[in-house]
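Asks: Residue numbers (full-length UniProt numbering): 1 to 446. Here a beta-carbon is modelled for each residue, glycine too, at the ideal position from N, C-alpha and C. Attaching a single structure in structure tokens format; questions to follow.
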Amino acid sequence: MADRRTYNVVVLGVGFLFIFTAFTTCGNIEQTVVKSLNNSTFSGSGYHSLGIIYGVFSFSNLVAPTVVTVIGAKLTMFLSGLLYSGYIAVFIMPSTWSFYLTSVLIGIGAALLWTAQGHFLVENSEASTINRNTGLFWGLLQCSMLFGNLYIYLDWNGKSEISDSSRRNIFLFLLVSSVLGTLSFLVLRTSHREEELLSEEEGQSLLSTRTMYKNRANTALQDTKTEFQTILHLLKTKTIMLLSPCMVYSGLELSFYSGVYGTCIGATAHFGEAAKGFIGISGIVVGIGEIVGGGLFGLLCKNSRFRRTSVVFLGMVVHFVASYLIFLNIPDDAPVVVETTTKKNPFLSPSASIALLCSFLLGLGDSCFNTQLYSILGYVYAEQSTPAFAIFKFIQSVSAAVAFFYSGYLLLTWQLLLLVILGFTGTLCFFVVERIQEYSMDSQEF
Numbered sequence: 001m002a003d004r005r006t007y008n009v010v011v012l013g014v015g016f017l018f019i020f021t022a023f024t025t026c027g028n029i030e031q032t033v034v035k036s037l038n039n040s041t042f043s044g045s046g047y048h049s050l051g052i053i054y055g056v057f058s059f060s061n062l063v064a065p066t067v068v069t070v071i072g073a074k075l076t077m078f079l080s081g082l083l084y085s086g087y088i089a090v091f092i093m094p095s096t097w098s099f100y101l102t103s104v105l106i107g108i109g110a111a112l113l114w115t116a117q118g119h120f121l122v123e124n125s126e127a128s129t130i131n132r133n134t135g136l137f138w139g140l141l142q143c144s145m146l147f148g149n150l151y152i153y154l155d156w157n158g159k160s161e162i163s164d165s166s167r168r169n170i171f172l173f174l175l176v177s178s179v180l181g182t183l184s185f186l187v188l189r190t191s192h193r194e195e196e197l198l199s200e201e202e203g204q205s206l207l208s209t210r211t212m213y214k215n216r217a218n219t220a221l222q223d224t225k226t227e228f229q230t231i232l233h234l235l236k237t238k239t240i241m242l243l244s245p246c247m248v249y250s251g252l253e254l255s256f257y258s259g260v261y262g263t264c265i266g267a268t269a270h271f272g273e274a275a276k277g278f279i280g281i282s283g284i285v286v287g288i289g290e291i292v293g294g295g296l297f298g299l300l301c302k303n304s305r306f307r308r309t310s311v312v313f314l315g316m317v318v319h320f321v322a323s324y325l326i327f328l329n330i331p332d333d334a335p336v337v338v339e340t341t342t343k344k345n346p347f348l349s350p351s352a353s354i355a356l357l358c359s360f361l362l363g364l365g366d367s368c369f370n371t372q373l374y375s376i377l378g379y380v381y382a383e384q385s386t387p388a389f390a391i392f393k394f395i396q397s398v399s400a401a402v403a404f405f406y407s408g409y410l411l412l413t414w415q416l417l418l419l420v421i422l423g424f425t426g427t428l429c430f431f432v433v434e435r436i437q438e439y440s441m442d443s444q445e446f
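Structure (structure tokens):
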């Protein structure tokens, strides 16, 4: 039994590794790819596409649990993987309508995929193994930022323009990766609980099977309604309201490091023919920062309130340093330039070393905020963790969607200023929440 569950967790992690090798790499380069298209009929925007994905994802989370309950986690993940693969395939022969249509579909697929992942991971874990299995899964997932971006560097290094053949080869590679990840879900083994359910169904007539699925759907809808009511209640609590600026900041930062910053590096004329290759290296270094931060702060500092505030403060300082260096090192028009390279000059002569240092700092700081937001929500809402995390993902995703839509219009200076203001506000509010929790615990002791 233990071997089967471990097998399932490893296969689950490998499947996500392949799928998100494709998707995270695509998100990192797609605005650069879209700008380089020699296609007069294509009018899409990579920023808008990512904004649609995160916007649809945030609202699709409301119905995803019902779908997973009715058709099962494995089938849900397989179907979601097909939607991810469809989005990647659009870039091989891009058209505006299919680009935006698949953006909507992958937003729905993302909500289904992550809901099914959580359900399947819990099904294959016990109280004694949940931390190990979660760590194993997330370790494999974070590696997805390494391999696809390495391919980008090897293929784009020394190229000032991205040819159609280069684009097709890259997205064929990413499509194969996504399809392999999707197919891996088919070799997941049935869990013990699912076997018990199937054994009860054996010998039943078609009518009773239909009734069973109808009852499942009704139960799932009732559970969704109850959870939605809990979410509405939690939204009115002081803790969630105070943590909201920090959640919003995490969404803005997500959009910046995952889609905007790589585009800025690739558009910096001072980097010459190496600029496009640096997009891939930047994605790798961001991933290394995420892995280092997640390992240090997610595991070593899990249950200490003092350490939570220290880690969040460190994340704020790291991001402020990164923002200042980016402000000095990257041209102001880098996120919005229509041509493939910038026209403005930054305050300093652009340095690739500083640019990549900022990539690492962005990944490290992001892991600081995310690990501690999960930690404090799990601590404060131990009995209501699922709706609390749902609120976090909703606010984060909506914020990321909004950020992607304005990223194509605001100069880099204003984007960085907005990040700094929200980062400071979010950190301050996080400290207030910790102080409230500390005061509450002191009061309970008397």
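Taking all protein chains shown into account, decide if residue 450 is buried (16 or more other Cβ within 10 angstroms of its Cβ) or exposed.
Replies: For the chain, the structure presents residues 1 to 446; residue 450 sits outside this window and is missing.
Asks: Quick check on Tyr-87: buried or exposed, where buried means 16 or more other Cβ atoms within 10 Å of its Cβ?
Replies: Label assigned to Tyr-87: buried.
Asks: Mind the definition here: the region 392-409 touches the region 275-282 only if three or more C-beta pairs lie below 8 Å; say whether that holds.
Replies: With the cut-off at 8 Å, the region 392-409 and the region 275-282 do not touch.
Asks: Going by the CB atoms, is the gap between Ser-166 and Tyr-84 shorter than 8 Å?
Replies: Not closer than 8 Å, so no.
Asks: Whole angstroms are fine: how far does the CA of Phe-347 sit from the CA of Gly-109?
Replies: Those two C-alpha atoms are separated by around 43 Å.
Asks: DSSP three-state call for Glu-383: helix, strand or coil?
Replies: Three-state DSSP puts Glu-383 in coil, outside helix and strand.
Asks: I need the DSSP call for Gly-13, collapsed to helix, strand or coil.
Replies: The answer is helix: DSSP assigns Gly-13 an H, G or I state.
Asks: Specify whether the region 419-429 and the region 237-257 touch according to this definition: at least 3 beta carbon pairs, one from each stretch, less than 8 Å apart.
Replies: At 8 Å Cβ cutoff, the stretches touch.
Asks: Whole angstroms is fine: what's the gap from residue 501's alpha carbon to Gly-148's?
Replies: With the chain running from 1 to 446 in the structure shown, residue 501 is simply not present.
Asks: Short check: CB of residue 510 to CB of Ile-288, under 8 Å?
Replies: Missing from the structure shown is residue 510; the chain here goes from 1 to 446 and no further.
Asks: If you run the structure through DSSP and keep just helix, strand and coil, what is Leu-235?
Replies: Helix at Leu-235.
Asks: Identify the continuous alpha helix (DSSP H) that holds Glu-161 and give its terminal residues.
Replies: Run containing Glu-161: none; DSSP gives neither H nor E here.
Asks: Please report how far the alpha carbon of Thr-41 lies from the alpha carbon of Pro-94, in whole angstroms.
Replies: Straight-line Cα distance between these residues: approximately 10 Å.
Asks: Counting beta carbon pairs with one atom in the region 17-35 and one in the region 257-267, are three or more of them shorter than 8 Å?
Replies: Counting Cβ pairs under 8 Å, three or more are found: they touch.
Asks: Can you tell which of Thr-96, Val-292, Ala-390 and Asn-157 has the C-alpha that lies nearest to the C-alpha of Gly-365?
Replies: Nearest of Thr-96, Val-292, Ala-390 and Asn-157 to Gly-365, Cα basis: Val-292.
Asks: Leu-75 lies in the alpha helix (DSSP H); which residues open and close that run?
Replies: Element bounds for Leu-75: 73-90.
Asks: For Glu-434, count neighbouring C-beta atoms within 10 Å of its own C-beta (all shown protein chains included) and say buried if the count is 16 or more, exposed if not.
Replies: Buried, by the Cβ-count rule.
Asks: Determine the direct distance from the alpha carbon of Thr-226 to that of Ser-375, and round the result to whole angstroms.
Replies: Cα to Cα, the separation comes out at about 24 Å.
Asks: So the alpha helix (DSSP H) Ile-330 belongs to, where does it begin and stop?
Replies: Taken as a continuous stretch (DSSP letters only), Ile-330 belongs to no alpha helix (DSSP H), as it is neither H nor E.
Asks: How many whole angstroms separate the CB atoms of Gly-15 and Gly-181, which I take to be in contact at a CB cut-off of 8 Å?
Replies: Indeed, because the Cβ distance is near 5 Å, the residues count as touching under 8 Å.
Asks: Buried or exposed for Leu-82, please, with buried defined as at least 16 other CB atoms from any protein chain shown within 10 angstroms of its CB.
Replies: The residue is exposed, with fewer than 16 neighbouring Cβ atoms inside 10 Å.
Asks: Hey, quick one: how far does the alpha helix (DSSP H) through Asn-38 stretch, first residue to last?
Replies: First-last for Asn-38: undefined, no H or E at that position.
Asks: Once the 5 residues before and after Leu-356 are set aside, which same chain residues still bring their CB inside 7 Å of it?
Replies: Correct list, in chain order: Ile-281, Ser-282 and Val-285.
Asks: If the criterion is Cβ atoms closer than 8 Å, does the pair Leu-141 and Leu-17 meet it?
Replies: Yes. Within cutoff.
Asks: Could you check which residue in Gly-363, Leu-325 and Glu-161 has the C-alpha nearest to that of Ile-354?
Replies: Out of Gly-363, Leu-325 and Glu-161, Leu-325 has the C-alpha closest to the C-alpha of Ile-354.
Asks: Quick one: grab the DSSP three-state call for Tyr-151.
Replies: Tyr-151: helix per DSSP, three-state reduction.
Asks: How is Cys-368 classed by DSSP in three states: helix, strand or coil?
Replies: Helix, per DSSP.
Asks: Tell me the DSSP secondary structure of Gly-294 in three-state form.
Replies: Three-state DSSP puts Gly-294 in a helix.
Asks: To the nearest angstrom, how far is the alpha carbon of Gly-107 from that of Ala-89?
Replies: The alpha-carbon atoms of Gly-107 and Ala-89 are separated by roughly 16 Å.
Asks: With a CB to CB cut of under 7 Å and the five nearest residues on each side skipped, what residues in its chain are close to Leu-314?
Replies: Only Cys-368 meet the Cβ criterion.
Asks: Where do the ends of the alpha helix (DSSP H) carrying Val-56 lie?
Replies: Looking at the DSSP string, the run of the alpha helix (DSSP H) that includes Val-56 is 46-60.
Asks: Check whether the region 69-80 and the region 403-423 are in contact - that is, three or more C-beta pairs closer than 8 Å.
Replies: No, the region 69-80 does not touch the region 403-423.
Asks: Quick check on the DSSP output: the alpha helix (DSSP H) that includes Gly-109 runs from which residue to which?
Replies: Looking at the DSSP string, the run of the alpha helix (DSSP H) that includes Gly-109 is 96-123.
Asks: State the Cα-Cα distance for the pair Val-122 and Thr-190, rounded to the nearest angstrom.
Replies: Computed Cα separation, rounded: 13 Å.
Asks: Report yes if the CB atom of Phe-392 is closer than 8 Å to the CB atom of Leu-419, and no otherwise.
Replies: It is not a contact, given that the beta carbons lie outside the stated cut-off.
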